[in-house]
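Take the sequence shown: its position 15, counting from 1, is numbered -3 in our numbering, and each next residue is one higher.
For each residue, glycine too, the CB sits at the ideal point set by N, CA and C.
Notes follow once the structure below has been shown.
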Amino acid sequence: GCSDSRVTPNLMLDTEPGDIFILRNVGNFVPSYKNDDAYHGCSAVIEYAVFVLNVKHIIVCGHSHCGACKSLYTDMGDSPDLMHIKKWLELGRRAKEYTLLAIEDKEDKENLYRNTERISIVHQLENLLTYPQIDRKVKAGKLQIHGWYYKLEDGTIEHYDGEAYCFKPLREENISII
């Protein structure tokens, strides 16, 4: 999930501390798999959750009014103080490109940002499947991955329906199986 303090997974799901294992970062981005010995914080969390804690579900949860997705449309200049965030935001570039192709009215910034937020979630799910061990577990039915979109305006959650290629309201019965 995103590191935005307005998104609190335990409150969203009415869970206690320790009930869910959470990775949070700017933009809820999941870098594609890389087979090297560099530092990979996200990869380490994914491996730990899936192979040590044996989780059965991974949820990529984005949200409305995401500053990272909005920043994809902002020129951050050449400040060395922002070099890490600028590099990190490259993980959202594909979502921005798809959004610009998909929507007609690019002047409606709010619509542009909301669509980018949702498309980014789908891309992060795709990135999860670049991890060979995650892909194997998903194909074997031992792990499920989910894309959720949390609406700050009203606290509702939408889930990505991969068969219909759209986000739909998440119902309580969908949450209970997780």
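Unbroken beta strand (DSSP E) run spanning Lys150, endpoints: Where Lys150 is concerned, the enclosing beta strand (DSSP E) stretches over Cys148 to Pro151.
Could you have a look at Gly44 and say whether DSSP puts it in helix, strand or coil? Here Gly44 sits in strand by DSSP.
May I have the straight-line CA-CA distance separating Lys150 from Ile41, to the nearest angstrom? If I take the Cα positions, the gap works out to 15 Å.
Using DSSP with H/G/I as helix, E/B as strand and the rest coil, what is Asp143? It is a strand residue.
Pop quiz: Pro161 and Leu73 are said to be a contact at Cβ under 8 Å. What is the actual Cβ separation, rounded to whole angstroms? Here the chain covers residues -17 to 160 and nothing more, so residue 161 does not appear.
Taking the straight line between their C-alpha atoms, what separation do you get for Pro(-9) and Val27? The alpha-carbon atoms of Pro(-9) and Val27 are separated by roughly 16 Å.
Residues in its own chain within less than 6 Å of Ala77 by CB, not counting five upstream and five downstream? So the qualifying residues of the chain are Thr98, Ile101, Ser102 and His105.
Residue range of the alpha helix (DSSP H) that Tyr30 falls in? For Tyr30, no alpha helix (DSSP H) encloses it, and the DSSP letter there is neither H nor E.
List, from N- to C-terminal side, the beta strand (DSSP E) runs of 3 residues or more that fit wholly inside the region 91 to 148. Note on the region 91 to 148: whole beta strand (DSSP E) runs with a minimum of 3 residues are 126 to 132 and 139 to 143, in chain order.
With 16 as the cutoff for other CB atoms within 10 Å, does Asn205 come out buried or exposed? Any answer about residue 205 is impossible in this case: the structure gives the chain only from -17 up to 160.
For Leu5 and Cys24, believed in contact at Cβ under 8 Å, the rounded distance: Correct: roughly 6 Å between the Cβ atoms.
By the DSSP assignment, the alpha helix (DSSP H) with Ser53 in it spans what residues? Boundaries of the alpha helix (DSSP H) around Ser53: Gly49 to Ser53.
Quick one: grab the DSSP three-state call for Asn7. It is a strand residue.
Quick one: grab the DSSP three-state call for His39. Three-state result, His39: strand.
Express the C-alpha separation of Ala146 and Lys133 in angstroms, rounding to a whole number. Computed Cα separation, rounded: 20 Å.
For Cys24, write down the residues that DSSP places opposite it in a beta bridge. Per DSSP, none; premise fails for Cys24.
Does Gly129 have its Cβ less than 9 Å from a Cβ in chain C? Checking the listed chains, one finds no chain C in this structure; it contains a single protein chain.
Run the CB neighbour count on Val34, radius 10 Å, all protein chains shown included, and call it buried at 16 or more, exposed below. By the neighbour-count rule (16 or more Cβ atoms within 10 Å), Val34 is not buried but exposed.
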